[in-house]
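Right, one structure below, let's go through it.
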Amino acid sequence: MKAPRTARRDGALTRVTRDARPFLRARTGTVLRLAGWSLLEFVQTFLGGFGVARALDHGFLAGRPLTGLLWLAVAAVAVLPAQLATRGVFGRLADLVEPLRDGLVRRAVSRALSGALAHPAGTTARSLSQVTHQSEIARDGWAGLVLTLRSFVFTVAGAVAGLLALEPRLLLIVLPPLILGAALFLATLLPMAARQRDYLTADEAYAAHAGKAAADLRDLAAAGAADRTVAESRDLADDQVRAARSLARWSGVRVVALAVCGRFPPLLLLLGAPWLLRNGLTPGALVGALTYLTQALAPAVQALMTMLSTVGGRLLVVLDRFTDAPPPPAEAEAEDKDKDGDRQPPARADAPVAELRAVTFAYGPAAHPVLDRLSLSVAPGEHLAVVGPSGSGKSTLATVLAGVEAPTGGAVLWHGRPVRGADATSVRVLLPQHAYVFTGSLRDNLRYLRPDASDRSIAAMIDALGLDPLLCRLGSLDATLEPDRLSQGERQLVALGRAYLAAPPLTVLDEATSRLDPAAETRAEHAFAALPGALVVVAHRLSSARRADRILVMDGPRTRCGTSAELLRTSALYRDLAGLWEPDEEPHRENGEPDQEPRRKNGEPDQEPHKSGRGNGLISTPPPSLF
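Throughout the sequence shown, residue numbering follows the working numbering, covering 466 to 1092 in sequence.
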């Protein structure tokens, strides 16, 4: 993908020039009036050096001080019309600058609306940066460039005309360093434009990330994803810093070009003064030439190069962002390719919903793997239970299968394609043990993953999962839900309800029913199993495992998969786990929570203790599909 980007850079000047022609052609009258006012600056420059030369040669050095004073007066009076022209120049400048900014804003807004309609899932903050930040850069840069370029053209024309009038041989000394410095300066244009583009690209990426993070602050806090978001922000800020430093290095080359253009001509003129005076150059002409160089040419060249180096390249890149074809959504473009840069194959209808291929996962380079070359497939509509002792990696498996954690080896596939962040919300929902509920109406909490869910769908979900007691206690769907006034079981029921409404192809319940009594858990799992999508349940009761089509038994890196009957024959660990569980006899409370914690025969709670850190099912990427 590097070649197209280079092509865009190389064609930036062509595209901007192509779009600029009709813009300037429509304002030919404004440009001519601006040039008319600028002729006064030409006259001032010409008379400045010429008047000094005549004052010396025909006045003071010839013994006629009055004549010398008159020529100096002519040079001084020429400044007044040039100062009066400033008002006219700025009046015409507004007619060139404001239409440019208005046109750029219209173009950015039009693109944003068209892109949002064509790719609703790929909208970014690129247009926001263009409307607010980049359009102002273009406006200020265009105004500064017009003023500086106008001044340079008429000042240089006046100085060159004055040097020719004084002594044409002066150009042999003055022009070579000017040409050399200009060539060195021009050689930096393309690299500087590239660095400016990199900087603006980094600026857009940071703006998009900041906008998304600001919109998802509540979800980031609830999901515990603040550290990852801060790390991503730091990486994007570092990209901006690197681009700015590269830009500064090329700016150093331009400083050398400025020195060659601005400092070398007067120095060479002074070194060549003896030869020029011996060959007929008058002292007045020499002083007049120095006046042109120090008071007109050098300042004009330095102003132009400074403007082009600091503003011109940035202006070119900004205008190119408005004139080139809008890129496809960055996330979709990047994630729709594999590591070699090729596009991924399309999803296969007959492929498993989720598949692990020789997946290995460890929480550090020197750590023992929690998953070791595990291969597993989950077919559409299948119900898979995951069991194992505490710390065996069940929650880790859930997060890897759901694409929350990336494996350290092997591959995770959804519908036969590598996992992509862009597919997450449409492929799976992961519910950890601790349900996320926010302050708001019950309706908003339930429709968190499916904002367009109808009241009929919500009513069917409430009946399927048994949320009627909670709805009756609150009074209506629009009643305010306060998380601290809900039991843990009620929180889990709300989270289950929103996952049920989303009905993704893959639902992963990581002990998401651990606070429900056996009857409520059975009802919830039967409801999810009736949906067309696949269901993966990290089970904490044997009854939950027996309801599954298959059971995966985990003992760290060692795993075994099969039906309950098969595992009773082939897995000693499964037989041990089955022997530890008591029959589920707890009564069903109205709030969906057991009267007491279910206990194993050895007196330990029938659930894994909460593990801090990596393997506890905490979400490491922001919602909307995680709780």
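Backbone N, C-alpha and C define an ideal beta-carbon position, used for all residues, glycine too.
Q: Report the rounded CA-to-CA distance for Asp982 versus Val706, giving the unit in angstroms.
A: Along the sequence shown, one-based indexing puts residue 982 at 517. Along the sequence shown, one-based indexing puts residue 706 at 241. So the two alpha carbons sit approximately 55 Å from each other.
Q | Closest Cα partner of Asp668 within the set Ala708, Ala647, Ala889 | A | Within the sequence shown, numbered from 1, the residue matching residue 668 stands at position 203. Among Ala708, Ala647, Ala889, the Cα nearest to that of Asp668 is on Ala708.
Q. With Glu986 and Ser1009 assumed to form a contact (beta carbons below 8 Å), what rounded beta-carbon distance in angstroms separates them?
A. Walking along the sequence shown from the start, residue 986 turns up at place 521. Walking along the sequence shown from the start, residue 1009 turns up at place 544. The pair is a contact, with the Cβ atoms about 6 Å apart (cut-off 8 Å).
Q: Please state if the CB of Ala918 and the CB of Leu966 are separated by a distance shorter than 7 Å.
A: Here residue 966 refers to the residue found at position 501 when the sequence shown is read from its first residue. Here residue 918 refers to the residue found at position 453 when the sequence shown is read from its first residue. Contact: yes.
Q) Quick one: Cα of Pro897 to Cα of Ala658, how far? A) Within the sequence shown, the letter at position 432 stands for residue 897. Within the sequence shown, the letter at position 193 stands for residue 658. Near 49 Å, if we compare the C-alpha coordinates of Ala658 and Pro897.
Q: Give a yes or no on whether the C-beta atoms belonging to Pro872 and Phe826 are separated by under 7 Å.
A: As a working note, residue 872 is residue 407 in the sequence shown. As a working note, residue 826 is residue 361 in the sequence shown. Yes, the Cβ-Cβ distance between Pro872 and Phe826 is below 7 Å.
Q) Whose C-beta lies closer than 8 Å to the C-beta of Asp1014 among residues of the same chain, with five residues either side of it excluded? A) For the purposes of this step, residue 1014 is taken as residue 549 along the sequence shown, with counting starting at 1. Contacts found: Glu847, His848, Leu849, Thr1028.
Q) Between the C-alpha atoms of Leu784 and Arg557, what's the straight-line distance to the nearest angstrom? A) Position 319 of the sequence shown, counting from 1, holds the residue named residue 784. Position 92 of the sequence shown, counting from 1, holds the residue named residue 557. Answer to the nearest angstrom: the Cα atoms are 22 Å apart.
Q: Could you please give the first and the last residue of the uninterrupted beta strand (DSSP E) stretch that includes Ala876?
A: Start at 1 with the first residue of the sequence shown, and residue 876 comes out as number 411. Residues 874 to 879.
Q. Phe515 and Gly753 look like a contact to me (Cβ under 8 Å); what is the Cβ gap, rounded to whole Å?
A. Mapped onto the sequence shown, residue 515 falls at position 50. Mapped onto the sequence shown, residue 753 falls at position 288. Going by Cβ atoms, the distance from Phe515 to Gly753 rounds to 6 Å, so yes, they are a contact pair.
Q. Who does Arg915 pair with in a DSSP beta bridge?
A. If you number the sequence shown from 1, residue 915 lands on position 450. BP columns for Arg915 are empty, so no partner.
(Q) For the pair the segment 900 to 915 and the segment 938 to 946, tell me if three or more CB-CB distances fall below 8 Å. (A) yes
Q: May I have the straight-line CA-CA distance separating Trp536 from Phe511, to the nearest angstrom?
A: On the sequence shown, residue 536 is found 71 positions in, with the first residue counted as 1. On the sequence shown, residue 511 is found 46 positions in, with the first residue counted as 1. Their backbone Cα atoms lie some 13 Å apart in a straight line.
Q) Is the Cβ-Cβ distance between Pro1022 and Pro830 less than 7 Å? A) What you label residue 1022 is simply residue 557 of the sequence shown in a count that begins at 1. What you label residue 830 is simply residue 365 of the sequence shown in a count that begins at 1. The answer is no: Cβ separation not under 7 Å.
Q. For Glu632 versus Ala750, is the C-beta distance shorter than 7 Å?
A. Position 167 of the sequence shown, counted from the start, is the residue given in the question as residue 632. Position 285 of the sequence shown, counted from the start, is the residue given in the question as residue 750. Taking 7 Å as the Cβ cut-off, Glu632 and Ala750 qualify as a contacting pair.
Q: May I have the straight-line CA-CA distance separating Ala994 from Gly875, to the nearest angstrom?
A: If you number the sequence shown from 1, residue 994 lands on position 529. If you number the sequence shown from 1, residue 875 lands on position 410. Rounded to the nearest angstrom, the two C-alpha atoms are 29 Å apart.
Q: Please look up how many angstroms separate the CB atoms of Val865 and Val824, rounded, as I've assumed it's under 8 Å.
A: Position 400 of the sequence shown, counting from 1, holds the residue named residue 865. Position 359 of the sequence shown, counting from 1, holds the residue named residue 824. Confirmed, about 6 Å.
(Q) Quick check on DSSP: helix, strand or coil for His991? (A) Your numbering for residue 991 matches position 526 in the sequence shown. His991: helix per DSSP, three-state reduction.
Q) For Thr613, does the count of other Cβ atoms within 10 angstroms reach 16, so buried, or fall short, so exposed? A) For the purposes of this step, residue 613 is taken as the residue at position 148 of the sequence shown. Label assigned to Thr613: buried.
**Q.** Check whether Pro916 and Val818 have beta carbons under 7 Å apart
**A.** For the purposes of this step, residue 916 is taken as the residue at position 451 of the sequence shown. For the purposes of this step, residue 818 is taken as the residue at position 353 of the sequence shown. In this structure, Val818 does not lie closer than 7 Å to Pro916 by Cβ.
**Q.** Which listed residue (Leu649, Leu610, Leu1038, Ala670) has its alpha carbon closest to that of Val718
**A.** Residue mapping note: residue 718 aligns to position 253 of the sequence shown, counting from 1. It is Leu649.
Q) Which partner residues does Asp605 have in the DSSP bridge list? A) Position 140 of the sequence shown, counting from 1, holds the residue named residue 605. Answer by DSSP bridge pairing: none, since Asp605 is not bridged.
Q: Jot down the residue ranges of each uninterrupted alpha helix (DSSP H) in the segment 651 to 724, minimum 4 residues, whole runs only, in chain order.
A: 654 to 680, 682 to 688
**Q.** Alpha-carbon to alpha-carbon, Leu655 and Ala630
**A.** Along the sequence shown, one-based indexing puts residue 630 at 165. Along the sequence shown, one-based indexing puts residue 655 at 190. Using only the alpha carbons, I get a separation of about 37 Å.
Q. How many whole angstroms separate the CB atoms of Phe617 and Ala768, which I take to be in contact at a CB cut-off of 8 Å?
A. Reading the sequence shown from its first residue, position 152 is the one you call residue 617. Reading the sequence shown from its first residue, position 303 is the one you call residue 768. With 8 Å as the limit, Phe617 and Ala768 qualify as a contact, their Cβ atoms being about 7 Å apart.
(Q) Looking at Ser842: is its Cβ nearer than 7 Å to the Cβ of Glu870? (A) For the purposes of this step, residue 842 is identified with residue 377 of the sequence shown, where counting begins at 1. For the purposes of this step, residue 870 is identified with residue 405 of the sequence shown, where counting begins at 1. Cβ distance not < 7 Å, so Ser842 and Glu870 don't count as in contact.
Q) To the nearest angstrom, how far is it from the Cα of Ala713 to the Cα of Ala652? A) Numbered from 1 along the sequence shown, position 248 holds the residue referred to as residue 713. Numbered from 1 along the sequence shown, position 187 holds the residue referred to as residue 652. Distance between the alpha carbons of Ala713 and Ala652 is about 16 Å.
**Q.** Where Thr479 falls: helix, strand or coil (DSSP)
**A.** Taking the sequence shown and counting its residues from 1, one reaches residue 479 at position 14. If DSSP states are grouped into helix, strand and coil, Thr479 belongs with the helices.
Q) CA-CA distance, Arg615 and Arg492? A) Looking up residue 615 in the sequence shown gives position 150. Looking up residue 492 in the sequence shown gives position 27. Their Cα atoms are separated by approximately 16 Å.
**Q.** Residue of Ile638, Ile923, Leu628, Leu569 minimising C-alpha distance to Ala968
**A.** Mapped onto the sequence shown, residue 968 falls at position 503. The candidate whose alpha carbon is nearest that of Ala968 is Ile923.
Q.
Taking 8 Å as the limit between beta carbons, can you name the residues of its chain near Ser698, skipping five residues before and five after?
A. Counted from its first residue, the sequence shown places residue 698 at position 233. Here the set comprises Tyr671, His674, Ala675, Ala678.
**Q.** Environment of Phe555 [buried if 16+ CB atoms lie within 10 Å]
**A.** Along the sequence shown, one-based indexing puts residue 555 at 90. So Phe555 ends up on the exposed side.
**Q.** Alpha carbon of Ala964 to alpha carbon of Pro845, nearest angstrom
**A.** Looking up residue 964 in the sequence shown gives position 499. Looking up residue 845 in the sequence shown gives position 380. Approximately 17 Å, taken between the alpha carbons.
Q: Go ahead and pull the three-state DSSP assignment for Ala485.
A: Here residue 485 refers to the residue found at position 20 of the sequence shown. Note: Ala485 maps to helix in three-state DSSP.
Q. Anyone know if the C-beta pair for Gly954 and Thr972 falls short of 7 Å?
A. Position 489 of the sequence shown, counting from 1, holds the residue named residue 954. Position 507 of the sequence shown, counting from 1, holds the residue named residue 972. No, the Cβ-Cβ distance between Gly954 and Thr972 is not below 7 Å.
Q) What do you reckon, are the CB atoms on Ala889 and Gly868 nearer than 7 Å? A) By one-based count along the sequence shown, residue 889 stands at place 424. By one-based count along the sequence shown, residue 868 stands at place 403. Yes, they are a contact pair.
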